[in-house]
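Residue numbers (my numbering): 103 to 209.
No residue lacks a Cβ here, since even glycine has one placed at the ideal position from N, Cα and C.
Since the structure is predicted, the reported quantities are computational estimates derived from the model, not experimental observations.
Here is the structure we will look at, set down as structure tokens.
Given below as structure tokens:
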């Protein structure tokens, strides 16, 4: 029987090595913009999530599930949220750790 969780973890770890767009950390410039209140996050390749889907982010506790990759969690943290990122891929989480360290974010 296939261990689905392990397969998923290994697949996303592999994607990080390939440079899949969902695995590339956001730039320092995007973090600065988020700190200045100009932010957006995407869950697909096509369209950002509308801002009116979010409450005020300052101090809000946000759980980012299956969202490693150095993108959503860091942007939300830079915008003022208290973001916690959970992902099955250690390499995807490494991307978040990288951005957090680079940009002095508490994730």
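So which of the options has the shortest CA-CA distance to residue i?
i, options, result
"residue 188", "173, 180, 182", "173"
"residue 211", "131, 180, 138, 154", "Residue coverage of the chain in this structure runs from 103 to 209, which leaves residue 211 outside it and unanswerable."
"residue 161", "193, 150, 194, 209", "209"
"residue 203", "124, 130, 122", "130"
According to DSSP, which residues form a beta bridge with residue i?
i, result
"residue 185", "164"
"residue 144", "150"
Measuring straight from C-alpha to C-alpha, what distance separates residue i and residue j?
i, j, result
"residue 118", "residue 201", "15 Å"
"residue 116", "residue 152", "31 Å"
"residue 197", "residue 170", "7 Å"
"residue 154", "residue 165", "18 Å"
Please determine if the segment 103-112 and the segment 172-186 are in contact, where contact requires at least 3 C-beta pairs separated by less than 8 Å.
no
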